[in-house]
Amino acid sequence: MSSSPSPLLSARGSRLALLVVGLCWLAVLFDGLDMFIYGSVLPHLLETRTFGLTADQAGDLGSYATFGMLVGALVAGTIADRIGRKRLMVSCVVLFSLASGVCALAGSVAVFGLGRTLAGVGLGGLLPTAISMVCDYAPRGRGALVIGLLMTAHHAGGILSAYVARWLIDPVGWRAAFWVCVLPLLFAPVLAKLLPESLSFLVAKGRGAEARALAERYDVEVPAARTGGAGDRWTSLANLFRGNEWIQTLLYWVASFGGLLLVYGVATWLPTLMRAEGYELGSALSFVVVFNLGGIVGMLVAGRAADRFGAPRISALWFALTAAGVFLLGVHMPMTVTMIVVFLTGVFLNSAQTMIYATVSIRSDADNRATAVGWTSGMGRFGAVFGPWLGGQLLASGNGDWGFTAFAVAGLSSMVFIGIAALRSSRQAPTGSERELIAAH
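Position 308 of the sequence shown, counting from 1, maps to 350 under my numbering, and the rest follow consecutively.
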């Protein structure tokens, strides 16, 4: 490809980038809607004792979806290598949409839990695949910006979930909220028709000529062919534990565990815990909107702050500020003050975990970077499973007042562990953006 593309090629590349990013943005929006809808309807489910639901069962149900996300994230790469990124994205949209239908039709906790688990598998597989797609087609030099834009869709879905619950629960019932989450099924054929196949997949499958023709036609880069197999991956993993590296690796893993425990614990229980603090359901759902607006702002601010002050410092500071904000949510304050605290907590909470991946990325050798970030993310997913369960156990034992405190402690622990890991490392951070740090979230 020419290093100085013609204006016509540049225009084509921009149009293709807009098409791919737009389609992936909508897919991730639906992903966020499906992820957050459970937390938005949960106060109603508990109040009406739907299915005889108790707080500890509600925590278990929240963990089912995050466990499904763990499974989906782990198998997504293998499946994508077989069927392609495009087909996997379409399949994930179909899966979590149909799974929401199972939830809408459920007559028991067991069936509802099955639906949430299956939805989690689709949700966990879609996000990393969508990020891979936009990486392939992002305009030259705009990859980090495009990925940051894509990540805002997840929080926009959280905002949408609050409005769906607010508009439908009282007049129609909670099942209607899950029927709305089935509607993305109509988007699947559009995605299948308009979304091009991943250039990375074409190259990996030896269809280099097809990839080059598509890249040249639309003025995008052809990804480099991946080298190495399973043996190399296991060698990269073993390198994370050689010498004293095992200490660093475990510190990153524990920090990620606490970070995702905090993220998914608060995402699941925020409306319910705010309701327990004496706020009306409408106000509690408004907090979800404000919280996710903060998340959108945080995703756009965190990267710039990390570039200027260093990802390890921002990660530790962000977790400290998150812990303070989450703790304050357990104090009944005037509505205006509470809204400000919820917004700022969203700003820091939703990007603090991303800064862990940034720290791991810039502190790792180039050969081990993808493995280090991937396993840090994977270990963190166990925290994502534990967080919703923990909130349910606290409420069931009559200790709901300790919910925000427990999540704040998780934030402080992540601050401590990522801080220690950063202090132990004497390597100089390389310059430039690291795409995989966001993809791991």
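We treat Cβ as the ideally placed atom computed from N, Cα and C, and that holds for glycine. Given the structure is predicted, the values throughout are model-derived calculations rather than measurements.
Cβ contact annotation for A180 (same chain, cutoff 7 Å, sequence separation greater than five): A59, V188, in chain order.
In the three-state DSSP reduction, F390 falls in the helix class (H, G or I). Around S406, the same chain offers A414 as residues with beta carbons nearer than 7 Å, after the five sequence neighbours per side are excluded.
The shortest C-alpha to C-alpha distance from R259 to any of R57, A464, A463 is the one to R57. Its Cα nearest to that of W295, the residue Q395 stands out among L137, Q395, T364, L168. If you draw a 10 Å sphere on the C-beta of A251, you find fewer than 16 other C-beta atoms in it, and that means exposed.
F283 sits in coil when the DSSP states are folded into three classes, being neither helix nor strand. By the criterion of a C-beta distance shorter than 6 Å, A318 is surrounded in its chain by G442, once the five residues flanking it on both sides are discounted. Residue state for T96 is assigned as coil, using DSSP reduced to three classes. Boundaries of the alpha helix (DSSP H) harbouring V176: 151–179, taken from the DSSP string. The beta carbons of R158 and A107 sit about 4 Å from each other, so the pair counts as a contact at 8 Å. Using a 10 angstroms sphere on the CB of D178, the tally of other CB atoms reaches 16 or more, which defines it as buried. Burial state of N334 is buried, judged by a 10 Å Cβ sphere holding 16 or more other Cβ atoms. Counting only residues of its own chain and dropping the five nearest sequence neighbours on each side, L225 has no CB closer than 7 Å to any other CB. Annotated three-state conformation of T90 is coil, per DSSP.
A distance below 8 Å between beta-carbons, with the five flanking residues on each side excluded, links G190 to the following residues of its chain, in chain order: M341, L342, G345, I480. Between the C-alpha atoms of A148 and W221 there is a straight-line separation of about 12 Å. The C-beta separation of S82 from A204 comes to about 5 Å, placing the pair in contact by the 8 Å criterion. By the Cβ neighbour-count rule, G324 is exposed, with fewer than 16 other Cβ atoms within 10 Å of its own. The C-beta distance from F78 to V383 rounds to 19 Å, too long to meet the 8 Å contact threshold.
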